[in-house]
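> Before I ask anything, here is the structure I am working with.
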Amino acid sequence: MAQLEAIIPVKDRGELQQCVESLLAAIAITKITICDGGSSDLECLNYLHEIAKNDRICVLRLQQEGFNKSKLLNYAIACSSNELLLISDADIIWNQAALNVVTSTVNVSTICCVAEVEESQPSTVALTRDRYTYNISIDSDRALVEIIPWSQVEQFRPGCGLICASRNTLISLGGYKEIFTGWGWEDQDLLMRAKLLGIKVEVAGKVIHLSHSDAIRNRYCNNLEPSQTRNDNIITCLKSLSQGILSGDLQVKVPQLLKPYILDVRLPIL
Numbered sequence: 014m015a016q017l018e019a020i021i022p023v024k025d026r027g028e029l030q031q032c033v034e035s036l037l038a039a040i041a042i043t044k045i046t047i048c049d050g051g052s053s054d055l056e057c058l059n060y061l062h063e064i065a066k067n068d069r070i071c072v073l074r075l076q077q078e079g080f081n082k083s084k085l086l087n088y089a090i091a092c093s094s095n096e097l098l099l100i101s102d103a104d105i106i107w108n109q110a111a112l113n114v115v116t117s118t119v120n121v122s123t124i125c126c127v128a129e130v131e132e133s134q135p136s137t138v139a140l141t142r143d144r145y146t147y148n149i150s151i152d153s154d155r156a157l158v159e160i161i162p163w164s165q166v167e168q169f170r171p172g173c174g175l176i177c178a179s180r181n182t183l184i185s186l187g188g189y190k191e192i193f194t195g196w197g198w199e200d201q202d203l204l205m206r207a208k209l210l211g212i213k214v215e216v217a218g219k220v221i222h223l224s225h226s227d228a229i230r231n232r233y234c235n236n237l238e239p240s241q242t243r244n245d246n247i248i249t250c251l252k253s254l255s256q257g258i259l260s261g262d263l264q265v266k267v268p269q270l271l272k273p274y275i276l277d278v279r280l281p282i283l
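For the sequence shown, the numbering used here assigns the number 14 to the initial residue and increments by one for each residue that follows.
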């Protein structure tokens, strides 16, 4: 099994300890890189200080006024050293079976994200929120990107942001776009760009999410409703794609994947 480096962006999240412990217990994980966006919570700071002593853990600091998840992820990707990377949230409980299946699915032309995220609290608001996904159809030099409602009603949700990919693949995509504000869609944007650039996106595995209130999601974005920032970020994503911008904002100089498309975008009619 390839050596796997987990990357976790964080700011003031008490759940981080459970996430890290689940990763340290896994055979595949040889390194955990935590990128802290300026935590001020004493419990979180003390834990970050303590785990930084672990040889398998690297704690990066990138002070932020708010919380731009994409900037933290890009910084951690740029600083990463392993050939295979796992993008995690701070409130995910991983298991060996999920890690085995996502790592075995990945290659230089394939990204794998988690298929099912089970909530630790089945009544959580996350399962009642309206959801959207995308459909991309490509015909010669023209691509149509459609945002469509997610129709499935289940006791789990997709783990689009829990991504396993080769480091070179993420760098060739330019990492994440840093143009989004608040919670939502930066992960889908990366997957959409990957598909437009000829990279296959597969789903596999199941993990647990430590459920929490919506107050956590946009605590550094004026406490806006998550659906509002998610919807705004969908618009931002489509505007950027319609301008032909298929690369993220990762500041690493490598050859970029280029596919010149005429891009049409379409939102759902509600």
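Glycine is no exception: its CB is placed at the ideal position from the N, C-alpha and C atoms.
Which whole-angstrom value describes the C-beta separation of I160 and L280, a residue pair presumed to lie in contact below a C-beta threshold of 8 Å?
At roughly 5 Å, the Cβ-Cβ gap stays under 8 Å, so I160 and L280 are in contact.
> Considering only the alpha carbon of each residue, which of I90, G50 and V158 lies closest to K252?
Measuring from the Cα of K252, the nearest candidate turns out to be V158.
> Go through its chain and collect everything with a Cβ distance to G27's Cβ below 6 Å, but skip five positions before and after it.
E56
> Nearest-angstrom Cα distance between A9 and C250?
Any answer about residue 9 is impossible in this case: the structure gives the chain only from 14 up to 283.
> What do you reckon, is the C-beta of L36 under 7 Å from a heavy atom of the ligand MG?
Absent from the structure shown: the ligand MG. Ligands present: none.
> Rounded to whole angstroms, what is the Cα-Cα separation between S260 and G195?
20 Å
> Applying the criterion that 16 or more other CB atoms from any shown protein chain within 10 Å of the CB defines a buried residue, is A38 buried or exposed?
exposed
> Taking the straight line between their C-alpha atoms, what separation do you get for S94 and G211?
25 Å
> Tell me whether the beta-carbon of L75 lies closer than 8 Å to the beta-carbon of C32.
no
> So what does DSSP say about N87, is it helix, strand or coil?
helix
> Between the alpha carbons of L283 and I176, how many angstroms are there, rounded?
Here the model assigns L283 a pLDDT of 47, short of 50, so the residue's position is not dependable, and the following value carries that caveat. Each residue's alpha carbon lies about 30 Å from the other.
> Rounded to whole angstroms, what's the CA-CA distance from E286 to C71? Just pull it up for me.
No information on residue 286 is available, as it lies outside the stretch 14 to 283 that the chain covers here.
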